[in-house]
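Q: The numbering used here numbers the first residue of the sequence shown as 195 and each following residue consecutively.
The beta carbon of each residue, even a glycine, is placed where N, CA and C say it ideally should be.
Mind looking over this structure? Questions follow.
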Amino acid sequence: MMRGRPRGSIIRENIAKILFVIREGYGYEIYQIYKNVFSKVSLRSVYYNLEKGSILEEFEISRAEKAAGSFSWGKSSERNYYMLKSKMVAPESGEIERIRRAKHDAYEKLIKK
Numbered sequence: 195m196m197r198g199r200p201r202g203s204i205i206r207e208n209i210a211k212i213l214f215v216i217r218e219g220y221g222y223e224i225y226q227i228y229k230n231v232f233s234k235v236s237l238r239s240v241y242y243n244l245e246k247g248s249i250l251e252e253f254e255i256s257r258a259e260k261a262a263g264s265f266s267w268g269k270s271s272e273r274n275y276y277m278l279k280s281k282m283v284a285p286e287s288g289e290i291e292r293i294r295r296a297k298h299d300a301y302e303k304l305i306k307k
């Protein structure tokens, strides 16, 4: 009998499916797609699972860039762009289309701002 918590995470598996489709994305972008395609999730859970996935070598940080803006903590923010390290999770065809549509909707909202 196994003891302790299981290693996997449904949230991390769903993030892997998103990264499989979009190839590369930053935390908030992944969060927006996640909440439109899958169930409700907190932004904190998405960031936690991105970090945990990096530690477990499921995801990797492809690049980091500074984003200027008016944030509550200052005038700039660092965006870490994540990508799937190995193609271990392939989403179903229906999920692929929903992820693509959610990504498009997220970009439309950014353009309108």
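1. Could you tell me the boundaries of the beta strand (DSSP E) in which residue 278 lies?
2. What does the alpha-carbon distance come out to for the pair residue 270 and residue 197?
3. Is it right to say residue 223 is buried, meaning 16 or more other beta carbons lie within 10 angstroms of its own, or is it exposed?
4. Is the distance from the Cβ of residue 239 to the Cβ of residue 204 below 7 Å?
5. Between the region 244-258 and the region 286-298, can you find at least three pairs of beta-carbon atoms closer than 8 Å?
6. With a threshold of 16 other CB atoms inside 10 Å of the CB of residue 232, please say whether the residue is buried or exposed.
A: Walking through what the data contain:
1. Taking the sequence shown and counting its residues from 1, one reaches residue 278 at position 84. Looking at the DSSP string, the run of the beta strand (DSSP E) that includes residue 278 is 268-278.
2. Position 76 of the sequence shown holds residue 270. Position 3 of the sequence shown holds residue 197. If I take the Cα positions, the gap works out to 44 Å.
3. Stepping through the sequence shown from its first residue, residue 223 is reached at position 29. Per the 10 Å Cβ criterion, buried.
4. Along the sequence shown, read from residue 1 onward, the residue named residue 239 stands at position 45. Along the sequence shown, read from residue 1 onward, the residue named residue 204 stands at position 10. No.
5. no
6. One-based indexing of the sequence shown puts residue 232 at position 38. The residue in question, residue 232, is buried, as its Cβ has 16 or more Cβ neighbours within 10 Å.
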